[in-house]
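**Student:** Counting from 5, one number per residue, gives the positions in the sequence shown under this note's numbering. Ideal placement from N, C-alpha and C gives every residue a C-beta, glycine not left out.
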Amino acid sequence: MFNERLIALVPDAPWLPAGSTAEVWAGTRCGVPEPCVIVRLLLARVSSPGTVEFFCVPTHRGLDLPTLFLGSGPDRMAVPDGLAQLATATLGRADVETGCVGYVRNVVPRPDTAYPHPTPWAHVPVFAVIDDADPVVEGSWITLDAARPSLNARHWWTVVEHHLEPEAQ
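The following block contains the structure:
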């Protein structure tokens, strides 16, 4: 049974065409909505009692969750295929158990020419790794408190915070 709920709204989200909204949905077990345009992987560990860290990779924009763009149009990769490809690139294997813990829904009633995704909805789910797995790529383990100043503007931040902070649920 799925238990996602709407936890945040970003009216006039700056990364979307004018008049659009980003909805943030989260839960302990979320359905994977369609269509999805990006998949993200959340790998977390307890580094010491009471200290949870999550894994980020370096990008040209700074640290980010491991991410795979699924493409656009009719050639868009299916979510299971994209997730397997992302898991292989990040963890060295595709057979990792994951669960969707939330997603950002782009609600775009009137796309502009620069917006390449489906309308009126396009989704970016975050999949938590359930299995024990270690990354095989360069990256950093970081706590929510340490990450908050630099990463709290990321689209996925609220989903990750909700998943990793029990009081947020």
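Could you tell me which residues DSSP puts in a beta bridge with PHE59?
**Tutor:** In DSSP, PHE59 forms a bridge with TRP145.
**Student:** How many angstroms separate the CA atom of ALA132 from the CA atom of VAL111?
**Tutor:** Distance between the alpha carbons of ALA132 and VAL111: 24 Å.
**Student:** Is GLY77 helix, strand or coil when you go by DSSP?
**Tutor:** Three-state result, GLY77: helix.
**Student:** Comparing C-alpha positions only, which one of GLU27, GLY143, LEU90 sits nearest to LEU67?
**Tutor:** Nearest of GLU27, GLY143, LEU90 to LEU67, Cα basis: GLY143.
**Student:** Between the region 87-94 and the region 5-17, can you find at least three pairs of beta-carbon atoms closer than 8 Å?
**Tutor:** Result no; under three Cβ-Cβ pairs closer than 8 Å.
**Student:** Please confirm whether LEU46 and VAL105 have their CB atoms less than 8 Å apart.
**Tutor:** Against a cut-off of 8 Å, the Cβ pair of VAL105 and LEU46 comes out as a contact.
**Student:** Just to confirm, are ARG109 and PRO37 a CB contact at a threshold of 8 Å?
**Tutor:** Cβ atoms of ARG109 and PRO37: closer than 8 Å.
**Student:** Judging by CA-CA distance, which residue of TYR107, ALA137, PRO120, PRO21 is the nearest neighbour of GLU165?
**Tutor:** Nearest option by C-alpha distance: TYR107.
**Student:** Would you kindly work out how many angstroms separate the C-alpha atoms of GLN89 and HIS121, rounded to a whole number?
**Tutor:** Computed Cα separation, rounded: 21 Å.
**Student:** Give a yes or no on whether the C-beta atoms belonging to CYS40 and VAL128 are separated by under 8 Å.
**Tutor:** It is a contact, given that the beta carbons lie within the stated cut-off.
**Student:** Between which two residues does the alpha helix (DSSP H) carrying GLY86 extend?
**Tutor:** From DSSP, the alpha helix (DSSP H) with GLY86 extends over 83-95.
**Student:** Judging by CA-CA distance, which residue of GLY77, ARG114, SER76 is the nearest neighbour of SER24?
**Tutor:** It is ARG114.
**Student:** Suppose contacts are defined by Cβ-Cβ distances below 8 Å. Is LEU74 in contact with GLY86 by that definition?
**Tutor:** Yes.
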